[in-house]
Amino acid sequence: MCNGEGEYVCQNSQCRCQCAEEFPQCNCPITDIQIMEYTLANMAKSWAEAYKDLENSDEFKSFMKRLPSNHFLTIGSIHQHWGNDWDLQNRYKLLQSSMEAQRQKIQRTARKLFGLSVRCRHNPNHQLPRERTIQQWLARVQSLLYCNENGFWGTFLESQRSCVCHGSTTLCQRPIPCIIGGNNSCAMCSLANISLCGSCNKGYKLYRGRCEPQNVDSERSEQFISFETDLDFQDLELKYLLQKMDSRLYVHTTFVSNEIRLDTFFDPRWRKRMSLTLKSNKNRMDFIHMVIGMSMRICQMRNSSLDPMFFVYVNPFSGSHSEGWNMPFGEFGYPRWEKVRLQNSQCYNWTLLLGNRWKTFFETVHIYLRSRTRLATVLRNETGQGPVDLSDPNKRQFYIKISDVQVFGYSLRFNADLLRSAVQQVNQSYTQGGQFYSSSSVMLLLLDIRDRINRLAPPVAPGKPQLDLFSCMLKHRLKLTNSEIIRVNHALDLYNTEILKQSDQMTAKLC
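Here it is as structure tokens:
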């Protein structure tokens with residue numbers, strides 16, 4: 001049993017060879033292990049060859065030939081072409097099924113290998129080959145398009161729009177086509193040099209192969225911000241639509257709170273904070289947003305003695321919490337929350353209708369919840385923090401839950417590149433010593449935009465200056481520095497007083 005290299009011993013229903021000192025490896029089937037390792041190595045080679053077979057197939061080659069070559073293809077656009085090629089999809093499914101069968105075969109062989117190596121002094125070193133994901137296939141297609149030149153090949157990096165060539169050379173990169181799209185992207189690539197723009201979109205001009213904003217002297221303010229909207233409702237219509245939760249008025253925001261979970265009871269006797277934000281600087285850079293109303297659905301326990309109070313702060317164009325303003329409910333004609341109880345429930349719809357009169361810009365809405373309660377002294381000294389205990393009747397009456405928070409409004413088209421070009425013209429005129437006549441139409445346009453934006457600022461007490469929302473937009477949406485914002489506003493003020501002979505309206509700094 002042990003080929004004379006040890007003593008055959010059985011213990012606890014397990015038998016093995018107790019090796020003699022001169023034969024320490026008598027329990028290790030080295031020959032069988034080497035055969036299985038060789039088999040696994042061949043399986044790994046056939047795994048890689050299966051991918052090569054797909055790349056060399058007629059279906060894949062036809063797919064590569066049909067890809068557009070007159071403009072740059074992103075991973076997303078390649079994915080769209082990939083999904084629309086039915087012949088390639090059928091060939092890819094065959095590959096996936098064969099790879100799955102081969103993967104199971106490799107796993108079975110690897111398990112046998114590790115089982116045979118249990119009593120060996122060395123462990124087998126084997127790694128299962130990795131399956132190429134669809135994202136890696138798309139990146140491979142992109143590399144074949146742009147990093148396969150002069151007999152060399154490499155890997156394409158979309159974030160840098162360049163190739164990393166293999167073999168310490170830089171000769172693998174082909175000319176990378178221009179990007180076709182809206183705004184300052186190309187409308188068409190140049191026929192002479194595909195890396196440069198051949199034509200531009202409306203509002204932009206071709207300059208050295210790039211698209212730059214045109215001189216905006218003759219443009220209307222709607223080119224910068226589309227103040228007009230199709231949702232032109234009267235206040236009574238808005239109130240009706242808000243009560244019906246009309247989907248046309250939905251603004252899809254992100255709910256953020258470390259203190260409240262939606263549709264979960266909590267103790268509101270201490271301040272709770274939640275926010276609704278848009279993150280337009282990342283997700284919707286071509287829009288700014290208006291709020292015309294808000295709604296919350298709040299459920300209270302039966303016989304509750306709570307009276308919820310809300311403090312709402314609004315960030316018009318992003319920024320920190322200190323760059324927001326507080327909604328003055330019930331002051332200076334500003335609306336209040338309206339509370340309507342839902343039938344056969346302890347839930348209430350809280351609705352705030354700003355309407356056309358009090359609508360304003362918003363990027364983030366911060367809601368602070370406080371509650372007035374008629375409490376006993378003992379309960380009033382509790383912190384109100386931690387998990388709620390719905391089984392305690394003395395405390396249960398103070399718990400509430402918020403099942404829905406929604407902002408209603410609409411979005412306006414916003415051309416940051418064009419507006420930034422106009423602001424730079426004003427800034428340049430100011431630094432050249434107030435030469436306003438050369439860009440007078442731009443001055444008039446920016447004065448009109450500043451007036452229309454600041455007109456949507458919240459109400460203030462009589463005698464107090466209006467909040468400056470225009471500077472917030474320059475800071476957070478155009479990314480201007482504080483010194484640039486000061487110069488632009490000063491230039492507009494000088495033009496308004498010295499050229500137009502009009503009085504300036506004082507504003508208070510918000511951002």
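Each residue of the sequence shown is one higher than the one before, starting from 1 at the first, in full-length UniProt numbering. Glycine included, C-beta positions come from ideal geometry on N, C-alpha and C.
- As computed with DSSP, Gly6 is found in a beta bridge with Cys19.
- With fewer than 16 other beta carbons inside 10 angstroms of its own, Trp86 counts as exposed.
- Here Asn349 has Ser295, Arg297, Val340 and Leu342 as same chain residues with Cβ atoms under 7 Å from its own Cβ, once five neighbours each way along the sequence are excluded.
- Assignment of beta-bridge partners to Arg370 by DSSP yields Met309.
- By the criterion of a C-beta distance shorter than 6 Å, Met274 is surrounded in its chain by Ser257, Ile260 and Ile367, once the five residues flanking it on both sides are discounted.
- Counting only residues of its own chain and dropping the five nearest sequence neighbours on each side, Cys120 has a CB closer than 6 Å to the CB of Cys28.
- Considered as a whole, the region 269–293 harbours 272–277 as its complete beta strand (DSSP E) runs of no fewer than 3 residues, in chain order.
- Closest by C-alpha distance to Met301, out of Leu88, Phe265 and Pro328, is Phe265.
- For Tyr334, the closest C-alpha among the options His166, Ala461 and Asp32 is that of Ala461.
- In this structure Phe60 is not in contact with Leu67, their Cβ atoms being roughly 11 Å apart against a cut-off of 8 Å.
- Put simply, of Pro268, Asp267 and Met1 the residue whose alpha carbon is nearest the alpha carbon of Arg16 is Met1.
- Under DSSP, Pro316 forms a beta bridge with Ser318.
- Note on geometry: alpha-carbon atoms of Ile106 and Leu88 lie some 26 Å from one another.
- Take the alpha-carbon of Arg452 and the one of Met188: they are about 36 Å apart.
- Selection Leu262, Met290, Arg271 and Trp270 evaluated against Val251 yields Met290 as nearest (Cα-Cα).
- A Cβ-Cβ distance of about 6 Å is found for the pair Glu37 and Pro124, placing them in contact under the 8 Å criterion.
- One Cα belongs to Gly409, the other to Cys511, and the distance between them is close to 23 Å.
- The way I'd put it, the region 37–47 does touch the region 125–145; three or more beta-carbon pairs between them come closer than 8 Å.
- Fewer than three beta-carbon pairs drawn from the region 418–426 and the region 326–333 are found closer than 8 Å, and the two stretches are therefore not classed as touching.
- Inter-segment contact for the region 70–78 and the region 162–179 is present: three or more beta-carbon pairs are separated by less than 8 Å.
- In the assembly as shown, Glu363 is a buried residue. Its beta-carbon has 16 or more other beta-carbons within 10 Å.
- Boundaries of the alpha helix (DSSP H) around Met43: Ile30 to Glu55.
- In the structure shown, the three-state DSSP call for Thr497 is helix.
- Ranked by Cα distance from Leu445, the first of Phe361, Ile78 and Tyr495 is Tyr495.
- Taking C-beta atoms under 8 Å as the contact rule, Gln102 and Trp137 fail to qualify, at a distance of about 18 Å.
- For Gly76, the enclosing alpha helix (DSSP H) starts and ends at Ile75 to Asn84.
- Under DSSP, the beta-bridge partners assigned to Leu412 are Ile288.
- Look at Glu323 here: in three-state DSSP terms it is helix.
- Taking Ser159 as reference, the option from His166, Asn150, Cys200 and Ala139 with the minimal CA-CA separation is Ala139.
- Ranked by Cα distance from Val442, the first of Gly463, Pro459, Leu419 and Asp286 is Leu419.
- With 16 or more other Cβ atoms inside 10 Å of its own Cβ, Pro316 counts as buried.
- Put simply, of Arg450, Thr497, Ile194 and Ala508 the residue whose alpha carbon is nearest the alpha carbon of Pro459 is Ala508.
- The residues Gln89, in chain order, have a CB closer than 8 Å to that of Gly83 in the same chain once the five nearest residues on each side in sequence are set aside.
- For Lys65, no beta strand (DSSP E) segment is defined; the enclosing uninterrupted segment is the alpha helix (DSSP H) at Asp58 to Arg66.
- Per DSSP, reduced to three states, the secondary structure at Ala491 is helical.
- In the three-state scheme derived from DSSP, where H, G and I count as helix and E and B as strand, Arg452 is classed as helix.
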